[in-house]
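Position in the sequence shown (first residue = 1) + 74 = the numbering used here. Below is one structure, written out as structure tokens, with a few remarks after it.
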Amino acid sequence: MTKFKYVDLIILVCFLFITVSCNESKGSQEIIVGGDDVVMILDFNYSTDSIKKVNWYLKTSEIPGMPDSMIRYMKTVDDHKSVDNNARILICSSSGGTVLVDRATKRCLFYAITPNAHSVEYLPGNRIAVALSTADKGNQLEIYDADRSDTVLFKDSLYSGHGVTWMEERNLLYTLGYDELRAYSLVNWDSPNPGLQLEESWTLPETGGHDLYASSENQLLISTSKKVWKFDLNNNTFGPFHPIANEPDVKSVYYDEKADHLIYTKGEISWWTHHVYSVNPTKKIAIPEIDVYKVRVIKYKGIVFFEKE
């Protein structure tokens, strides 16, 4: 083999290696599932109805640095989101607690007693929003600073609070209650006493607001007791979300508009399930060991994980 052919061969091998590595990275998608006192991060591509690949596992009763008094408030996990480009995991529980943990060490970075918390969101300035459902001292939206555990900075009434989503492109916080969708702007956000200002509200086409997800900068997805809706943020109009419009008891929903990829959970045994459903690609992931409530997809800026088939 000549010197030039040898160099050409090396270049070709390196090119193929880089191509395969990029494809593997592109397809390596993680999802977060939670239920009971467990939060798991799964590799979506390598999890099916018969086997699952667990990349991360946490029992909320064993979080290092979390006060023992918080254990009873973290028994029924119902929302969990990746923040800081997957460096930290934000978790809330309908048992009445919210925590922020470091993914690498699983150490507690923040905690708060949040009665019947049903959704949580990370906000600019290291702030945290929590939507509280029906309970004594519940039915409201609360704002915290992640550096000041268990200290409410701001609150507003929100009956049966179930969803909270920050939209960076619009600089607005959207919240979901029993029969209402709201949009808030941030007020005095750089001060020690931040607040929210209600900018607009809309009555839902059906009661029982449950999950809220921003599928793009122009659209929100909303699940209610019996249906799943889309909300056009440019026209302020509701319409059926056709892929699962008539699916009742949807507890969480994710949709990638560019890839036409849908992931969701639905209450199949009372309010919980043992499955995560996916459309395009079509698959069902079985999780028999916990009563799953929600699934969330971990997103990384600048990386596309799914392509339209």
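The C-beta atom is built at its ideal place from N, Cα and C for all residues, glycine as well. Model, not experiment: these values are computed from the prediction.
Between residue 111 and residue 199, the gap from beta carbon to beta carbon reaches 8 Å or more. The beta strand (DSSP E) runs lying completely inside the stretch 261-293 and spanning 3 residues or more are 269-277 and 285-290, given in chain order. Checking the DSSP bridge columns, you'll see residue 183 has no partner listed. Of the candidates 203, 255, 244 and 123, the residue whose Cα lies closest to the Cα of residue 298 is 255. Remark: C-beta atoms of residue 155 and residue 194 approach each other more closely than 8 Å.
At the C-beta level, residue 369 and residue 105 come within 8 Å of one another. Comparing alpha carbon positions, the residue from 163, 182, 367 and 353 closest to residue 345 is 367.
Under the criterion of beta carbons closer than 8 Å, residue 102 and residue 117 qualify as touching, at roughly 7 Å.
For residue 163, the uninterrupted beta strand (DSSP E) run begins and ends at 162-167, by DSSP. Nearest Cα to residue 167 within the set 236, 178 and 131: 236.
Distance from the Cα of residue 245 is smallest, within the candidate group 220, 271 and 157, for 271. Rounded to whole angstroms, the gap between the alpha carbons of residue 313 and residue 196 is 28 Å.
Residue pairing by DSSP places residue 335 opposite 330 in a beta bridge. Of the residues assessed, residue 291 falls on the exposed side of the cut-off, its CB having fewer than 16 other CB atoms within 10 angstroms. For the stretch 182-270, the continuous beta strand (DSSP E) assignments of 3+ residues that do not extend past its boundaries occur at 182-187, 191-197, 201-206, 214-219, 226-231, 237-241, 246-250 and 254-261, in sequence order.
The beta carbon of residue 189 sits closer than 7 Å to the beta carbons of 170, 206, 209, 210, 211 and 212 from its chain, once the five residues preceding and following it are set aside; these are given in chain order.
For the pair residue 241 and residue 252, the CB atoms are not nearer than the 8 Å cut-off. Assigned with DSSP and collapsed to three states, residue 298 falls in coil, not helix or strand. Across the set 120, 177 and 139, the C-alpha of 177 shows the shortest separation from the C-alpha of residue 131. Taking all protein chains in view, the Cβ of residue 319 is surrounded by fewer than 16 other Cβ atoms within 10 Å, so the residue is classified as exposed.
Classified as buried, residue 216 has 16 or more neighbouring CB atoms from the shown chains inside 10 Å of its CB.
Sequence-distant Cβ neighbours of residue 281 in its own chain, meaning closer than 8 Å and more than five residues away, are 252, 253, 298 and 299.
Here residue 147 is buried, its C-beta having at least 16 other C-beta atoms within 10 Å. When the beta-carbon positions are compared, residue 227 and residue 219 come within less than 8 Å of each other.
Membership of residue 146 in any beta strand (DSSP E) is not indicated, and neither H nor E is assigned to it by DSSP. In the DSSP assignment, residue 134 falls outside any beta strand (DSSP E) and carries neither an H nor an E. Nearest neighbour of residue 302 by Cα position, chosen from 289, 243 and 316, turns out to be 316. Rounded to the nearest whole angstrom, the CA to CA distance from residue 336 to residue 322 is 16 Å.
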